[in-house]
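Worksheet: the structure to be examined is printed underneath.
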Amino acid sequence: MTASKPWNWNLVGEKDRTYWQTPSAESYYLLHRWQQQGRRTLLDLGCGLGRHSILFAKGGFEVSAFDLSETAVAETEQWAQREHLSLSCKSGDMLALPYAPESFSCIFCRNVISHSDTAGVRKVFREAFRVLQPGGEFYFTLCSKNSWGFGQDWPVVDANTKIRVEDGPENGIPHFFADYDTIRELCAAFQILTVQQIEDILTDGVPGGWHYHVLVKKPD
Numbered sequence: 001m002t003a004s005k006p007w008n009w010n011l012v013g014e015k016d017r018t019y020w021q022t023p024s025a026e027s028y029y030l031l032h033r034w035q036q037q038g039r040r041t042l043l044d045l046g047c048g049l050g051r052h053s054i055l056f057a058k059g060g061f062e063v064s065a066f067d068l069s070e071t072a073v074a075e076t077e078q079w080a081q082r083e084h085l086s087l088s089c090k091s092g093d094m095l096a097l098p099y100a101p102e103s104f105s106c107i108f109c110r111n112v113i114s115h116s117d118t119a120g121v122r123k124v125f126r127e128a129f130r131v132l133q134p135g136g137e138f139y140f141t142l143c144s145k146n147s148w149g150f151g152q153d154w155p156v157v158d159a160n161t162k163i164r165v166e167d168g169p170e171n172g173i174p175h176f177f178a179d180y181d182t183i184r185e186l187c188a189a190f191q192i193l194t195v196q197q198i199e200d201i202l203t204d205g206v207p208g209g210w211h212y213h214v215l216v217k218k219p220d
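At position 125 of the sequence shown (counting the first as 1) the number is 125 in UniProt numbering, and the numbers step up by one without a gap.
Here's what the structure looks like:
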């Protein structure tokens, strides 16, 4: 299993930081969905600079913000303090979540789980199942094998994983790429609610890669 490595946020410029501080489109849908379902305890798994932790905390959720990067966790905590919001912020490895079984009614995890190899990804799914309450919902994304990155001449870890090699905050970080059969295998313990494969197009027209967006539920 490859060692986990955090993003280097010191290499992210101010313009890109604005992007990473703006909640994703699907987070608003999930905020409304989970509010309507009466869910209140949320794990922001891989919180980054805190864009989704802050959104859900403002929406009345009891949020636990978690990330491998101590820099990201510190910035999330500082943002919450400026907004007078109460968050539980922790730094650690997603391969061993520091939470008790059945701690959360929902988990939000965007562009995070793919930063491991196949063995690591399987372990993350076991950890997510462990900390999720029965009937709880888990939203996550995974890089698709249709993405340009899967075809890059990067060092190979296993049949699904390559180490990203380029200048930038993700240099040296493993990237796991999935197809639908892989998702079904990873989610065998869950009930799959929705699966979408979405291509991101950057503002200059350059393809930004394909990702699976998946919502699953832990059986009652």
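For glycine and all other residues, C-beta sits at the position ideal for the given N, C-alpha and C.
For residue 92, there is no enclosing beta strand (DSSP E), as DSSP marks it with neither H nor E. Less than 8 Å separates the beta-carbon of residue 87 from that of residue 57. Distance check between residue 18 and each of 37, 51 and 167 places 51 closest, using alpha-carbon atoms only. A buried status is given to residue 67, since no fewer than 16 other beta-carbon atoms sit within 10 Å of its beta-carbon. Cβ atoms of residue 124 and residue 94 come within 8 Å of each other, at about 5 Å.
Straight-line measurement puts the Cα of residue 173 at about 20 Å from the Cα of residue 200.
Residue 108 is not a Cβ neighbour of residue 218, given a cutoff of 8 Å. Its Cα nearest to that of residue 65, the residue 47 stands out among 47, 80 and 71. If one requires a minimum length of 3 residues, the beta strand (DSSP E) runs lying completely within the UniProt domain "Methyltransferase" (43 to 136) are 62 to 67, 88 to 91 and 104 to 109, in chain order.
Residue 117 is a Cβ neighbour of residue 157, given a cutoff of 8 Å. Its Cα nearest to that of residue 3, the residue 115 stands out among 115, 25 and 41.
Out of 84, 163, 148 and 103, the CA that lies nearest to the CA of residue 41 is found in 103.
The criterion of a C-beta distance shorter than 8 Å is satisfied by residue 54 and residue 85.
Taking C-beta atoms as the reference points, residue 177 and residue 121 fail to come closer than 8 Å. Between residue 39 and residue 106, the C-beta gap is smaller than 8 Å, which places the two residues in contact. Contact check for residue 143 against residue 211 passes: the beta carbons are separated by less than 8 Å.
By the neighbour-count criterion, in which a residue is buried when 16 or more other Cβ atoms sit within 10 angstroms of its Cβ, residue 139 is buried. When 44, 61 and 154 are compared, the shortest CA-CA separation from residue 76 is found for 44. Taking C-beta atoms as the reference points, residue 168 and residue 11 count as a pair closer than 8 Å. Taking residue 6 as reference, the option from 159, 13 and 111 with the minimal CA-CA separation is 111.
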